[in-house]
Amino acid sequence: MIGDSETDALTAKAAGAPFLLHLGGYNHLPPESLTSAGVFAHWDELPFL
Numbered sequence: 001m002i003g004d005s006e007t008d009a010l011t012a013k014a015a016g017a018p019f020l021l022h023l024g025g026y027n028h029l030p031p032e033s034l035t036s037a038g039v040f041a042h043w044d045e046l047p048f049l
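No gaps in the numbering here: position 44 of the sequence shown is 44 in my numbering, and each next residue is one more.
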C-alpha cells in the first residue's frame with residue numbers, strides 16, 4: 001500500500017500489507033516513527049510494482 005499518513009500506515013498494518021510512505025503528504029510525524037517498507041519523496045523514486 002502507498003500512503004502519506006499515519007492512518008495509511010496503520011491501515012496497511014491491519015491488512016497485513018507492506019506500506020510505502022510518500023513524504024510531503026498529510027503526515028506530520030517524523031518518517032522514522034511510522035513502520036514502512038520504504039520511503040520516497042518523488043513519484044519517480046517509487047520502486048516498480
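Beta carbons: idealized from backbone N, C-alpha and C, even for Gly.
Because the structure is a prediction, the values reported are computed rather than measured.
- The three-state reading of DSSP puts L21 in strand, counting E and B together.
- Around the beta-carbon of A41, fewer than 16 other beta-carbon atoms lie within 10 Å, marking it exposed.
- The beta-carbon separation of G3 and L29, rounded to 13 Å, does not stay under the 8 Å limit for a contact.
- Counting C-beta atoms within 10 angstroms of its own C-beta, A9 has 16 or more neighbours from the protein chains shown and is therefore classed as buried.
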